[in-house]
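Working notes, structure below.
Protein chains: 4
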Amino acid sequence: MDKQDYLQHLINAGEEDVQLTPKQAKILEAAIEIFAEKGYAATSTSEIAKKAGVAEGTIFRHYKTKKELLISIVTPGIIKLTVPFFADQFVSEVFKERSESYEQLLRKIIRNRFEFVQKNVPLLKIIIQEMAFHEELKQSFQSIFIKKIFPKFDEAVTQFKKDGLIVDYPSSSIIRFTMTTIIGFIITRFLILPEAEWDDDEEIDRTIRMLMHGIQPDS
Amino acid sequence: MDKQDYLQHLINAGEEDVQLTPKQAKILEAAIEIFAEKGYAATSTSEIAKKAGVAEGTIFRHYKTKKELLISIVTPGIIKLTVPFFADQFVSEVFKERSESYEQLLRKIIRNRFEFVQKNVPLLKIIIQEMAFHEELKQSFQSIFIKKIFPKFDEAVTQFKKDGLIVDYPSSSIIRFTMTTIIGFIITRFLILPEAEWDDDEEIDRTIRMLMHGIQPDS
Amino acid sequence: MDKQDYLQHLINAGEEDVQLTPKQAKILEAAIEIFAEKGYAATSTSEIAKKAGVAEGTIFRHYKTKKELLISIVTPGIIKLTVPFFADQFVSEVFKERSESYEQLLRKIIRNRFEFVQKNVPLLKIIIQEMAFHEELKQSFQSIFIKKIFPKFDEAVTQFKKDGLIVDYPSSSIIRFTMTTIIGFIITRFLILPEAEWDDDEEIDRTIRMLMHGIQPDS
Amino acid sequence: MDKQDYLQHLINAGEEDVQLTPKQAKILEAAIEIFAEKGYAATSTSEIAKKAGVAEGTIFRHYKTKKELLISIVTPGIIKLTVPFFADQFVSEVFKERSESYEQLLRKIIRNRFEFVQKNVPLLKIIIQEMAFHEELKQSFQSIFIKKIFPKFDEAVTQFKKDGLIVDYPSSSIIRFTMTTIIGFIITRFLILPEAEWDDDEEIDRTIRMLMHGIQPDS
DNA sequence: GATGAATGAGCGTTCATTCAT
DNA sequence: AATGAATGAACGCTCATTCAT
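Chains as they are written, first to last, in full-length UniProt numbering: chain A, 1 to 219; chain B, 1 to 219; chain C, 1 to 219; chain D, 1 to 219.
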């Protein structure tokens, strides 16, 4: 099984949530909720067990250590969060046909990821928090980003630049700015100000317009 | 002492790092470093004491609890990080005279905050991480943002919009997009990819250009 | 379950020492011994654990706090010590039939409590010592005394006074003097001078005789 | 300085509260109050220092250890509490002249000790509590009792017995019963039910009458 | 004499993990 | 597979005591 396959496997596992016993599902569910609320380090396994309605020992039957439980949540989480940036079927089509603009590509991506995050806020919170403290999670993320996201993104940007549809800045800068804008919006929307009143469709549109045309008029 | 004065006091205290005994300084220094590296919850007071070269009891002579130590680090940190967004003298001048553009205002802000973060990376990391888990820190931040940053930002954006220098989107959207772009750049630069090769001046320029004009040419 | 039943339940629980795991029994045993010897506050849980032959954590699995451990010892102890003053079957009989004198009632009580204390010296010591510092224990004791001991004692004394068998002093004074004499004897016997040579039967007799007739002859 | 002299010295020291700096007096005062309230082991020196209004170090300048502070309180306390049982001038007179009865001797003693305790409740509490846990205090007490109290008490009882004024029981029993009655009354009065309504003169009288004549009439 | 910062041992308690059932 | 009692290391924190000022 080469690395590609391994990732593919993880993706499938992630998307389809393979065979989990009901207890295991309960444990994961409880752990995600509490990890998101208090952070991994501040969460006790007994708390997870209680919330999941299982005995403490049961957790350790399925996950050798507390850390393995975290990784079992975060690693598939990273994949489910990042890979669809370019793996999504619509996106692929748009991108392959290039019949549509960069703007439309971004709109698809942002809409798709918006919906995913909307249903997985706690997971996103855990990923952001814990990646900062666990080297192996950071590696996981970087590896996926470098292998799956960046090349496609780079390819797209390069092509659009060649077609004269986006400015001729270094791809890395354009990608960074694009991702910063998308992620910044999503984090503001769901983590920083989730309780503000949002007109989501309008705000997505405006965000993409600002991303494409900036905030200076007539420019 | 009214609220303004109090904040001013905090800012001064912050900038000048008032009267700290040498041991207290050592403790803060050590705590900042370890909190940033492993997170507050995963850091033990004995570890801080060892790194600071003091007895564990000494920490508790200066800070009643471990949490108080965290707050003693983060609260002034938030102030030092956020208030200068608009309290900086140059920025104030630029803004008052409006002899220069929004672009130049942003350039001043981004340069100023860039330099601050450069010298305080661990502090930034702690602020971002721990605000997520400690309600009082979130409140601190929100209070400062709402009282000190947002009104000035709003005033500036409203004026520039009236002058036709920036697009007529809701101020909240423009502010969010602007901050997302600045913060996203700084976080990418110092926390996510600190070891990449960065031409900082060039990247700051490019970031502001993208922020102002978007990534679509001739538009 | 009304109050009566509840107390009865506690008494039974007390007398039969319901279901205790062996480790729990070991912990109680060790705690009683050390609390009696050094006092609650001066006893460390690690010491108890060592003497009980269990891990320190095991104590806290059975008793949430050190204080809860104390209360688990003292509260049933108070009940076992006080309630039988008048709940004892023989005493009840004597008292009901009144075929016998106050003297004989006291003799039964003193003999019965003497034997109980003989087997529970450390428990008595803990009760006396700790009731002074823990309001809830004092309350426990007062509640039992007021509800279970005093009314019966009062009834008996009133009856015997009416029958002209004891002097017409206020019942409270007679009860206080009686208890003081009994308790004073038992404490002297077991706590203050346990190592003196005692002819217990003779001393009990003499104590009751002094209690009944005073120390002045022919009077 | 032989033992007698030493005791005499202690007694004087006790009665006259020799040369104490004001700070030292404050410390003793604070310590007595807190030791009585929470017990020696549960009292921290910092608490004493705070209540006394001195620095923590100051306590240790006057008393090498916390325990020495306790002993400085309790040892003179024991003396002041016990020695006057027979050292009191009036008592001495009564006893020497034997112009009066055992009853009157007791009345003098009980009145005298009643007044002393009334002004020194916390001290009494500390003595009772801490004698149970500190061997040296118990020794102190026993030594004083055996050397100063018992011989005089014994002498008196023997004499009164010879004169046919009290029953011919062993002196030890009579002394124990007498002390138990006096101490039991005082402890009930000041420690167990201090807040009940007491007609002190009446109760002292009744106590002595019960002590002398028992509770059985016509006897 | 008086201070109070500093100490480090020891406290009560929690925790992730093990294992006999 | 699931349990939950048991573990003992480690935690945050307090304490009596020391000592330079």
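Each residue gets a CB set at the ideal place from its N, CA and C atoms; glycine is no exception.
Rounded distance between the beta-carbons of F85(A) and I109(A), thought under 8 Å: The residue labelled residue 109(A) in the question sits at position 109 within the first sequence. The residue labelled residue 85(A) in the question sits at position 85 within the first sequence. Right, the Cβ-Cβ distance comes to about 6 Å (below 8 Å), so this counts as a contact.
Contact set between E203(D) and chain C, taken where Cβ atoms lie within less than 7 Å: Position 203 of the fourth sequence holds residue 203(D). Result: S173.
Residue nearest to K67(A) in terms of C-alpha spacing, selected from T43(A), T158(A), F114(A) and F185(A): Start at 1 with the first residue of the first sequence, and residue 67(A) comes out as number 67. When T43(A), T158(A), F114(A) and F185(A) are compared, the shortest CA-CA separation from K67(A) is found for T43(A).
Own chain partners of R111(D) with C-beta closer than 8 Å, once the 5 adjacent residues on each side are dropped: Your numbering for residue 111(D) matches position 111 in the fourth sequence. Hits under 8 Å: I204.
Straight-line gap, L7(B) to Q139(C) (C-alpha atoms, nearest Å): By 1-based counting over the second sequence, the position of residue 7(B) is 7. By 1-based counting over the third sequence, the position of residue 139(C) is 139. The predicted model places L7(B) with a pLDDT of 44, which falls under 50 and marks its position as unreliable; any figure quoted below should be read in that light. Within the model, the alpha-carbon separation for L7(B) versus Q139(C) is close to 51 Å.
Test item: CB-CB of K119(D) and L191(D) under 8 Å: The residue labelled residue 119(D) in the question sits at position 119 within the fourth sequence. The residue labelled residue 191(D) in the question sits at position 191 within the fourth sequence. Taking 8 Å as the Cβ cut-off, K119(D) and L191(D) do not qualify as a contacting pair.
Outcome for S143(D) when other beta-carbon atoms lying within 10 angstroms are tallied against a minimum of 16: Counting from one through the fourth sequence, the residue named residue 143(D) turns up at place 143. By the neighbour-count rule (16 or more Cβ atoms within 10 Å), S143(D) is not buried but exposed.
Cβ neighbours of K26(D) in the same chain (closer than 7 Å, five flanking residues each side left out): Looking up residue 26(D) in the fourth sequence gives position 26. For K26(D), same chain residues with a beta-carbon under 7 Å away, outside a window of 5 residues either side, are A52, G53 and V54 in chain order.
Alpha carbon of K38(B) to alpha carbon of E33(D), nearest angstrom: What you label residue 38(B) is simply residue 38 of the second sequence in a count that begins at 1. What you label residue 33(D) is simply residue 33 of the fourth sequence in a count that begins at 1. Their Cα atoms are separated by approximately 47 Å.
Supposed contact pair T45(C) and I59(C) - C-beta distance, whole angstroms, cut 8 Å: Here residue 59(C) corresponds to residue number 59 of the third sequence, with the count starting at 1. Here residue 45(C) corresponds to residue number 45 of the third sequence, with the count starting at 1. With 8 Å as the limit, I59(C) and T45(C) qualify as a contact, their Cβ atoms being about 6 Å apart.
Element boundaries [alpha helix (DSSP H), containing Q129(B)]: Taking the first residue of the second sequence as position 1, residue 129(B) is located at position 129. Its alpha helix (DSSP H) spans residues V121 to M131.
Status (buried if at least 16 other CB within 10 Å, exposed otherwise) for Y106(A): Here the question's residue 106(A) lines up with position 106 in the first sequence. Residue identity check: residue 106(A) is Leu in the sequence provided, not Tyr. The residue is buried, with at least 16 neighbouring Cβ atoms inside 10 Å.
Contact with chain C by G184(D), beta-carbon distance below 8 Å: Position 184 of the fourth sequence, counted from the first residue, corresponds to residue 184(D). The beta-carbon of G184(D) is placed less than 8 Å from the nearest beta-carbon of chain C.
Nearest neighbour of R189(A), chosen from Q159(A), F133(A), F114(A) and K147(A) [CA to CA]: Position 189 of the first sequence, counted from the first residue, corresponds to residue 189(A). Per the C-alpha coordinates, the member of Q159(A), F133(A), F114(A) and K147(A) positioned closest to R189(A) is F114(A).
Proximal chain D residues relative to Q104(C), where beta-carbon distance stays under 8 Å: Here the question's residue 104(C) lines up with position 104 in the third sequence. Under the 8 Å cutoff, chain D gives no residues; its nearest Cβ is about 12 Å from Q104(C).
Whether A31(D) touches L69(D) by CB criterion (8 Å): The residue given as residue 31(D) occupies position 31 in the fourth sequence. The residue given as residue 69(D) occupies position 69 in the fourth sequence. For A31(D) and L69(D), yes; Cβs fall inside 8 Å.
Own chain partners of V167(B) with C-beta closer than 8 Å, once the 5 adjacent residues on each side are dropped: Stepping through the second sequence from its first residue, residue 167(B) is reached at position 167. Correct list, in chain order: K161 and I174.
Residue range of the unbroken alpha helix (DSSP H) whose run includes S101(B): Here the question's residue 101(B) lines up with position 101 in the second sequence. Segment: none, S101(B) is in no alpha helix (DSSP H) and carries neither H nor E.
Where Q118(D) meets chain C, residues with beta-carbon distance less than 8 Å: For the purposes of this step, residue 118(D) is taken as residue 118 along the fourth sequence, with counting starting at 1. The premise fails here: Q118(D) is roughly 18 Å from chain C at the closest Cβ pair, so nothing lies under 8 Å.
Where the alpha helix (DSSP H) through R189(C) begins and ends: By one-based count along the third sequence, residue 189(C) stands at place 189. For R189(C), there is no enclosing alpha helix (DSSP H), since its DSSP letter is neither H nor E.
Spatial distance of S172(A) from D154(A) (CA atoms): Position 172 of the first sequence, counted from the start, is the residue given in the question as residue 172(A). Position 154 of the first sequence, counted from the start, is the residue given in the question as residue 154(A). Going from the Cα of S172(A) to the Cα of D154(A) covers about 8 Å.
Chain D residues whose Cβ lies nearer than 7 Å to that of K38(C): On the third sequence, position 38 is the one that residue 38(C) refers to. Here the neighbours are F133.
Extent of the continuous alpha helix (DSSP H) to which L211(A) belongs: Position 211 of the first sequence, counted from the first residue, corresponds to residue 211(A). Per DSSP, L211(A) is one residue of the alpha helix (DSSP H) stretching across D200 to H213.
Where Y63(A) meets chain B, residues with beta-carbon distance less than 9 Å: Residue mapping note: residue 63(A) aligns to position 63 of the first sequence, counting from 1. Y63(A) does not reach chain B, its nearest Cβ partner there being about 19 Å away, counting only Cβ pairs nearer than 9 Å.
Coarse secondary structure for T21(C), derived from DSSP in three states: On the third sequence, residue 21(C) is found 21 positions in, with the first residue counted as 1. DSSP places T21(C) in coil when its eight states are reduced to three.
Simplified DSSP assignment, three categories, for E68(A): Reading the first sequence from its first residue, position 68 is the one you call residue 68(A). Assignment of E68(A) by DSSP, reduced to helix, strand and coil, places it in the helix class.
Distance between P170(C) and R176(C) (C-alpha atoms, nearest Å): Working through the third sequence from its first residue, we reach residue 176(C) at position 176. Working through the third sequence from its first residue, we reach residue 170(C) at position 170. For the pair R176(C) and P170(C), the Cα-to-Cα distance works out to about 10 Å.
Delimiting residues of the alpha helix (DSSP H) encompassing Q159(B): Numbered from 1 along the second sequence, position 159 holds the residue referred to as residue 159(B). Going by DSSP, Q159(B) is part of the alpha helix (DSSP H) stretching over F150 to K162.
Through-space distance from K147(C) to M1(C), alpha-carbon basis: In the third sequence, counting from the first residue as 1, residue 1(C) sits at position 1. In the third sequence, counting from the first residue as 1, residue 147(C) sits at position 147. Confidence at M1(C) is low in this model, with a pLDDT of 44, below 50, so the placement of that residue should be treated as unreliable; the coordinate-derived value is given next. Taking the CA atoms as reference points, M1(C) sits about 16 Å from K147(C).
Within-8 Å CB hit, T82(A) to chain B: Numbered from 1 along the first sequence, position 82 holds the residue referred to as residue 82(A). No, no contact with chain B.
Neighbouring residues, chain C, relative to A55(D) (Cβ below 8 Å): Stepping through the fourth sequence from its first residue, residue 55(D) is reached at position 55. The premise fails here: A55(D) is roughly 25 Å from chain C at the closest Cβ pair, so nothing lies under 8 Å.
Straight-line Cα distance separating Q129(D) from T82(B): For the purposes of this step, residue 82(B) is taken as residue 82 along the second sequence, with counting starting at 1. For the purposes of this step, residue 129(D) is taken as residue 129 along the fourth sequence, with counting starting at 1. Taking the straight line from one Cα to the other gives about 59 Å.
Outcome for D5(B) when other beta-carbon atoms lying within 10 angstroms are tallied against a minimum of 16: To locate residue 5(B), count along the second sequence from 1; it is residue 5. Any reading at D5(B) must be qualified, since the residue scores a pLDDT of 47, below 50, and its modelled position is unreliable; no value is offered.
Proximal residues to V149(B) (C-beta, below 7 Å), its chain only, five neighbours per side dropped: Walking along the second sequence from the start, residue 149(B) turns up at place 149. It is worth fixing the name first, because residue 149(B) is Ile in this sequence and not Val. Only T82, F85 and F86 meet the Cβ criterion.
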